Amino acid sequence: MKSRVKYGLNFLSSNGTVNRFVPLDATVVTPASVSYIQSKDLSRKGYADMGQENRDTRKFEVLIIGAGFSGVYQLYRLRKLGFDAKLFDAGNDFGGVWHWNCYPGARVDSHIPNYEYSMEEVWHGWCWTERFPGWEELQRYFAHVDKKLDLRRDTEFQKRVTRASFNEEDCQWRITCADGETVKAQFVLTCMGFAAKPHTPNLQGLSNFAGATVHTARWPKQGLDMSGKRVGVIGTGASGVQVIQEASKVAAELTVFQRTPMIALAMQQRQLHEMEEKAKKSGLKEIFRLRNASGGGFYDLETDDRCAHEVSKQEREEVFEKAWAKGGFHFWTGTFSDIITNVESNRLAYDFWRAKVQARVQDPVTAELLAPLSPPHPFGAKRPSLEQWYYEVFNQENVTLVDIKKNPIAEILPQGVRTSEDIYDLDLLILATGFDAGTGGFTQIDLRGTSGRTLKEIWQDGVDTQLGLAVPEFPNLLMLYGPQSPTAFWNGPASAEVQGDWVVNCLIHLRNKGVKRIEAKHEAAKAWTQHMEEMGAKTLMPLADSWYMGANIPGKQRQMLFYMGSAAYMVRCNESAETGYAGFELR
Ligand code: N01
């Protein structure tokens, strides 16, 4: 028999822990369960009062934060191994970055089949329609994964973690969400991705703008019509390039405010057909094995060991052309091995790219702004974006490119943007201004370790972690796809599985050995930071003001935030595990 309850309830498991939030007016099973819930005084009011700890405080062995690729993989693996794991996410569905980034044109820049889970139960019965899928297809993919892996029963949405502190006495984290609930967990796994905190620049007068202002990473779920509007886009990173391409098709006028030209590479998008996708299945196991063992999470990115500046012009052009034709990141990391370490070779790659772009833009002044003779930074030291018709956009009558390096934005007026030289009237202002990458997701939480200091305070002068996995003073908190791991240089699903397996094996080890607490050692974390700086200094990466260096956020400590090379990284992680988790204290 079914009963109807009039208020929101928490669905209880047989041991009395709350499993799932049941929305208002939901139908729950049997009067017995209802009276049990009522006897626990977990009505909506009671639930809201759970900010304080009481006997009904929910307790988990592992709390996973973030329902993107890493978080989903952790839930999938840990549950199978008998861990009591729960997944919280601030949004209202699976997808992580693909849940939030639903602006027109948002699509992945890692080509299929690199960008998907390797589990057979997931790829079986799934066919992609595009080589670089868009956010709609990626959201459908996550719905498919949810269905196949039955994730929802242990996942709670609209659970934005705002506070977390570690209690030495019971060796448990207290995690508080924006809805007021506090839960306990022995382990916390942060799977928040590198782009959890959008960056909105401090533009004078921004709140005075009379039209609509939107950050690409907070695009309204119901959509936002750009057709017939005077649209302005600030920012020409990956988000900017993608939204600019779409806006150019429908906006009455499009004004692009460019501070630094994007070195955008040809995507070479194409449709994938069902027959072709099905035929590929037999080879997928090997593809995923190669992908997960590779140095960046791609099974098919090959590098020529020669130096670009040492081969003949003809040989070099052949390698460049071949990579260009393959599209995607092939031209970034799939040409010569010294492109990102040698200034001369790097310049040759830039010049090849520049010639490609110049040939596509009709107005020479605009072409020079988009692809200047002198590189704005070493090629590839800032993340290249992938484009389809980006450069043709600037041949259109309805599009204006404004160089805000020369002609900076002075203020935002109610009617639009005022630069030092002009006023641009707008109906819609799009901020494609990026993220407080790597660390922002952590520092926006009041996250306190054993000293009582917040992670924000501790990281003010720079990030120190042991292998990008754990932070001293923050026991039992393990980071996936976080700072000081390869993250930005690692294809997301590959990282979710490879780094994810390391974390799962670590938790198994702790359980088997009866270890209650794991904490990164200070000296190990300092040494890792030092190693990262040394590795970074061998490349051209530090020469660009990129989010890789934390340089896109005013006041943020400049440092190499991501490790270059996931295969070398995993060797280090595995060495630590094999030597009893060197660099960590276990007790
Ligand atoms: O952000 P960005 P993004 N005034 O930081 C400009 C991933 N991603 O969201 O270069 C004026 O790259 C800034 O100018 P400058 C991907 O890894 C992937 O585009 O600092 N302009 C820059 O042009 C990517 O790398 C996809 O001079 C200001 C732009 O805003 C990462 O996310 C899609 C400004 C920010 O570019 C971030 O990309 C989208 C100011 N005050 C994102 N502040 C895929 O394709 C900033 N800018 C999978």
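One gets my numbering by counting positions in the sequence shown from 1 and adding 2 to each.
Quick reminder that beta carbons are idealized off the backbone N, C-alpha and C, glycines included.
All values derive from a computational prediction rather than experimental measurement.
Please report how far the alpha carbon of residue i lies from the alpha carbon of residue j, in whole angstroms.
i      : j      : result
ARG420 : PHE564 : 36 Å
GLY382 : ASN348 : 8 Å
ASN344 : ASP405 : 29 Å
PRO488 : PHE196 : 11 Å
ILE289 : GLU122 : 12 Å
TYR301 : ALA570 : 16 Å
TYR483 : THR467 : 13 Å
GLU248 : TYR392 : 9 Å
ILE432 : GLY557 : 24 Å
ARG81  : ILE67  : 15 Å
ASP156 : ASN103 : 24 Å
VAL473 : CYS575 : 15 Å
LEU415 : LEU430 : 12 Å
GLU183 : ARG308 : 57 Å
HIS101 : VAL245 : 16 Å
LEU471 : MET481 : 5 Å
LEU256 : GLY73  : 38 Å
GLN260 : ASN409 : 10 Å
PRO544 : ILE341 : 14 Å
GLN76  : LYS186 : 18 Å
THR377 : ARG154 : According to the sequence displayed, residue 377 carries Pro and not Thr. Rounded to the nearest angstrom, the two C-alpha atoms are 48 Å apart.
GLN206 : VAL506 : 47 Å
VAL190 : TRP530 : 22 Å
ALA553 : ILE236 : 18 Å
SER296 : MET562 : 22 Å
ARG60  : GLY93  : 21 Å
ARG57  : GLN174 : 15 Å
ALA584 : GLU577 : 8 Å
THR215 : ILE177 : 33 Å
PHE444 : VAL124 : 30 Å
GLY582 : GLY70  : 30 Å
HIS599 : GLY230 : What is shown of the chain runs 3 to 589, which leaves residue 599 out entirely.
VAL64  : LEU208 : 41 Å
Taking the beta carbon of residue i as the centre, do at least 16 other beta carbons fall within 10 Å, making it buried, or is it exposed?
i      : result
ILE425 : exposed
GLN224 : exposed
HIS275 : exposed
SER37  : The pLDDT assigned to SER37 is 33, lower than 50, so where the model puts this residue is not dependable, and the model offers no usable value.
GLU475 : buried
GLY454 : exposed
ASP43  : With a pLDDT of 36 at ASP43, under the threshold of 50, the modelled position of this residue cannot be trusted, and the question is left open.
SER422 : exposed
LEU375 : exposed
LEU26  : With a pLDDT of 25 at LEU26, under the threshold of 50, the modelled position of that residue is not reliable, and the figure given next carries that caveat. Result: exposed.
ASP172 : exposed
GLU158 : buried
LYS315 : exposed
GLY329 : buried
GLY442 : buried
ARG232 : buried
ARG356 : buried
PRO222 : exposed
VAL99  : buried
Check each candidate in the options and name the one with the smallest Cα separation from residue i.
i      : options                        : result
PRO106 : LEU191, ASP227, LEU77          : ASP227
ALA490 : ASP429, LEU471, TYR550, THR531 : TYR550
ASN116 : ARG589, GLN244, GLY299, LEU372 : GLY299
LEU403 : GLU183, PRO386, LEU208, GLY242 : GLY242
ILE265 : GLY239, LYS231, TRP221, LYS324 : GLY239
LEU372 : TRP175, GLU158, VAL258, ASP172 : VAL258
GLN486 : ARG79, THR59, MET566           : MET566
GLU389 : LYS199, ALA108, GLU535, GLU138 : ALA108
ASP148 : TRP492, THR178, TYR78          : TYR78
LYS161 : ALA180, LEU151, GLU535, HIS201 : ALA180
LEU292 : LEU83, ASN493, ASN56, PHE437   : ASN493
PHE234 : ALA526, THR262, ALA253         : The sequence given here has Gly at residue 234, not Phe. Here the closest residue by C-alpha is ALA253.
GLY418 : PRO495, ALA212, ASP91          : ALA212
GLY502 : VAL99, VAL465, SER120          : SER120
LYS591 : PHE62, LYS150, PRO495, ASN400  : Any question about residue 591 goes unanswered here, given that the chain covers just 3 to 589.
LEU350 : HIS311, GLY97, SER548          : HIS311
Is any non-hydrogen atom of the ligand SAH found closer than 7 Å to the C-beta of residue i, if you look at the structure I gave you?
i      : result
PHE437 : For the ligand SAH, the structure offers nothing, since it holds only the ligand N01.
*Flag this pair as touching only if the stretch 83 to 98 and the stretch 109 to 127 have three or more C-beta atom pairs under 8 Å; answer yes or no.*
Touching, no.
*Is the stretch 389 to 398 touching the stretch 352 to 367, taking contact as three or more C-beta pairs under 8 Å?*
In short, these stretches touch, since the Cβ pair count reaches three.
*Cβ contact (3+ pairs, closer than 8 Å) linking the stretch 513 to 527 and the stretch 308 to 322*: With the cut-off at 8 Å, the stretch 513 to 527 and the stretch 308 to 322 do not touch.
*Counting Cβ pairs, one atom from each stretch, are 3 or more of them under 8 Å apart for the stretch 125 to 138 and the stretch 276 to 293?*
The stretch 125 to 138, when compared against the stretch 276 to 293, does touch it at the 8 Å Cβ threshold.
_Contact the stretch 446 to 463 vs the stretch 159 to 171: 3+ CB pairs below 8 Å_ = Contact between the stretch 446 to 463 and the stretch 159 to 171 is present: 3 or more CB-CB pairs across the two stretches fall below 8 Å.
*Determine, using beta-carbon pairs with one atom in the stretch 537 to 555 and one in the stretch 507 to 516, whether at least three such pairs fall under 8 Å.*
As far as the Cβ criterion goes, the stretch 537 to 555 does not touch the stretch 507 to 516, which means the pair count is below three.
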